[in-house]
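**Q**
There are 2 protein chains.
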Amino acid sequence: MPLRSDWSAEVCPIRRSLDVLGDPWVLLIIRDVLHGRGRFDWLRDNLGISEPVLSRRLAAMVDADLLSRVEYQDGARMRRGYAATQAAAELLPILQELALWGERHTEMPEGGGHMALIHEACGAETVHGAVCSECGVELVAEQMTWVKPWKSARDRLQPAGTLH
Amino acid sequence: MPLRSDWSAEVCPIRRSLDVLGDPWVLLIIRDVLHGRGRFDWLRDNLGISEPVLSRRLAAMVDADLLSRVEYQDGARMRRGYAATQAAAELLPILQELALWGERHTEMPEGGGHMALIHEACGAETVHGAVCSECGVELVAEQMTWVKPWKSARDRLQPAGTLH
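Chains U and E, in that order, give the protein sequences. Following this note's numbering, the numbering of the first sequence begins with 159 at its first residue and continues without gaps. Following this note's numbering, the numbering of the second sequence begins with 159 at its first residue and continues without gaps.
#1: Count the other CB atoms, across all protein chains shown, that sit within 10 Å of the CB of H277(E); report buried if there are 16 or more and exposed otherwise.
#2: According to DSSP, what are the bridge partners of D232(U)?
#3: From R173(E) to A234(E), what distance separates their C-alpha atoms?
#4: Under 9 Å between C-beta atoms, does A167(E) make it to chain U?
#5: What is the rounded straight-line gap between the Cα of V295(U) and the Cα of E283(U)?
#6: For a contact meaning CB atoms closer than 8 Å, what does L256(E) contact in chain U?
#7: Does DSSP put L161(U) in a helix, a strand or coil?
#8: Can you give me the C-alpha to C-alpha distance between L256(U) and P171(E), rounded to a whole angstrom?
#9: Measuring CB atoms only, is the segment 261 to 269 of chain E touching the segment 289 to 305 of chain E, in the sense that at least three cross pairs come out at less than 8 Å?
#10: Alpha carbon to alpha carbon, how far is L185(E) from L179(E)? Give it in angstroms, no decimals.
#11: Have a look at E261(U) and P210(U) and give me their C-alpha separation to the nearest angstrom.
#12: List, in chain order, every chain U residue whose beta-carbon is nearer than 7 Å to that of E261(E).
#13: How would you list, in chain order, the residues of chain U whose beta-carbon sits under 9 Å from the beta-carbon of M273(E)?
#14: Which first and last residues belong to the alpha helix (DSSP H) in which M219(U) is found?
#15: Enumerated in chain order, which unbroken segments of the beta strand (DSSP E) with a length of 3 residues or greater are wholly contained in the segment 248 to 299 of chain U?
#16: Consider the Cβ of L161(E): report whether some Cβ of chain U lies at a distance smaller than 9 Å.
#17: Need the endpoints of the beta strand (DSSP E) that W200(U) sits in, please.
#18: Say whether chain U places a C-beta atom closer than 9 Å to the C-beta of V220(E).
#19: Counting only beta-carbon atoms, is L216(E) nearer than 9 Å to chain U?
#20: Going along chain U in order, which residues have a C-beta closer than 8 Å to the C-beta of E248(E)?
#21: For the beta strand (DSSP E) holding W304(E), just list the boundary residues, first then last.
#22: Looking at the unbroken alpha helix (DSSP H) that takes in P171(U), where does it start and where does it end?
#23: Determine, using beta carbons only, whether V194(E) comes closer than 9 Å to chain U.
#24: Round the Cβ separation of M219(E) and L225(E) to the nearest angstrom and send it over; I've been treating them as touching at under 8 Å.
#25: According to the neighbour-count rule (16 or more other Cβ atoms, all chains shown, within 10 Å of its Cβ), is G206(E) buried or exposed?
#26: Could you tell me which chain U residues have their CB closer than 7 Å to the CB of G270(E), listed as they occur along the chain?
#27: V289(E) versus chain U: which residues are under 8 Å apart at the beta carbon?
#28: May I ask you to report which of helix, strand or coil DSSP gives L225(E)?
#29: Could one say the Cβ of W308(U) lies closer than 9 Å to chain E's Cβ atoms, at least one of them?
#30: Measure the alpha-carbon distance for S124(E) versus C280(E) and round it to whole angstroms.
#31: Let me see if you follow: with CB-CB separation under 9 Å, is M302(E) close to chain U or not?
#32: Would you kindly work out how many angstroms separate the C-alpha atoms of K329(E) and H272(E), rounded to a whole number?
#33: E168(U): buried (16+ other C-beta within 10 angstroms of its C-beta) or exposed?
#34: Do you know offhand how far R238(U)'s Cα is from L201(E)'s?
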C-alpha cells in the first residue's frame, strides 16, 4: 500500500488497520464491491480514477486479502472482476460509521440527500454502523439497503464474494 | 487535505468523510488528541512524523474543524497545542471499529497484545465501537479506557477540548 511508512508491525491495531485501509480509494472500492460492483470498467467510471491507479490499488487489495478475483461472462468472453473477501465485508461497520459521520459533519451538496441505512431484517433505519439501533442485531452487508435519494433504485448490499 | 481530488461536494457521505479523513495521519492524530496528547513535540515523537508533514496536517485539521488550538503553560512560556473538537470526538466509533478490525484481520507483532476497549461506565469490554456490547449505552471518549498490554499504565480517553 502506498503509505509513508510500513505500519504492518505496529503494536497499535488502529495503526495496523490504517496500514491497509489508509488510502481513501481502498474504502471507496470496498463500498462498491459490497454492492457487487467489482467490474474493472465500472469501478473506473464510477470512482473517476485513472486506470493505472485503479490497477495498482486492486492488486494491492488482493495481496492484502481485501478482494478476491472472480471471473464473469461478458458476451463470448470471460473477464475478471473483483469481489469482497470476508475481511472486507467486516468493514461494513466502518463504512456505515463514515456515512453517519459524514452526514453530521460535512456539508451536503446540491443534488444530495440523506442516505438512510435500512436494516432489511427488521425494516428500520439504523443510526449505528455495527449493530442495528432499532432491533440490536449485528449488521451484515446482505441485510442492508442504503437508500440514496440521488439514485432512483434501492441499493441492497451483497454478501462477500458477490460480483454482478 | 492532500487528496487526489476534492471530494467535499460528493453526494455520497462516505466519500465526503474520506475527503477529510482519508489521510491515515489524520485518524492517528485524532487517536492521540482523544487521549489528551496534543502537544506538537509529543505528536511528532509518538507518531514518528516529520515536522513539516505534521504541521501541514495539524493546520488542515484545524481548518476542517477536527482540532482546536489550545494554549498551555510550559515552564515560564505559553505554548500552543491541539485538542479534539466535538466532530473529532464523534470519530470514536470509527477508531474503535478500526481497532477491532485490526485485531481480527492483521497480524499481531511481537511485543504486541490484545487491546481491550473497556467501557468504564459498566466496567465491561465492548466488542462494538459505537455502542457498548455489554450494557447497550452509546460510547463516548471520556468513559473509555483502552487497555494496551504493551504499556504499563491504563489509558483513559478524554472529552473533546482536553490537552494535557
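The C-beta atom is built at its ideal place from N, Cα and C for all residues, glycine as well. Fair warning: this is a prediction, and the values are worked out from it, not measured in the lab.
**A** Taking the structure as given:
#1: buried
#2: R235(U)
#3: 45 Å
#4: yes
#5: 12 Å
#6: P171, I172, S175, L176, L179, I252
#7: With a pLDDT of 49 at L161(U), under the threshold of 50, the modelled position of this residue cannot be trusted; read the value that follows with caution. Here L161(U) sits in coil by DSSP.
#8: 7 Å
#9: no
#10: 7 Å
#11: 31 Å
#12: P171
#13: V169, C170, P171, I172
#14: 209 to 221
#15: 274 to 277
#16: Its pLDDT being 49, under 50, L161(E) is placed unreliably in this model, and the coordinates cannot settle the point.
#17: Looking at the DSSP string, W200(U) is not in any beta strand (DSSP E); the run it does join, the alpha helix (DSSP H), is 198 to 205.
#18: no
#19: no
#20: W259, R262, H263
#21: 302 to 305
#22: 171 to 179
#23: For the record, residue 194(E) in the displayed sequence is Gly; it is not Val. So no, G194(E) is outside the interface.
#24: 4 Å
#25: exposed
#26: V169
#27: H286, A288, V289, S291
#28: strand
#29: yes
#30: One cannot answer for residue 124(E) here, as it falls past the ends of chain E, which runs 159 to 322.
#31: no
#32: Residue 329(E) falls outside the range modelled here, since chain E spans only 159 to 322, and no answer is possible.
#33: buried
#34: 44 Å
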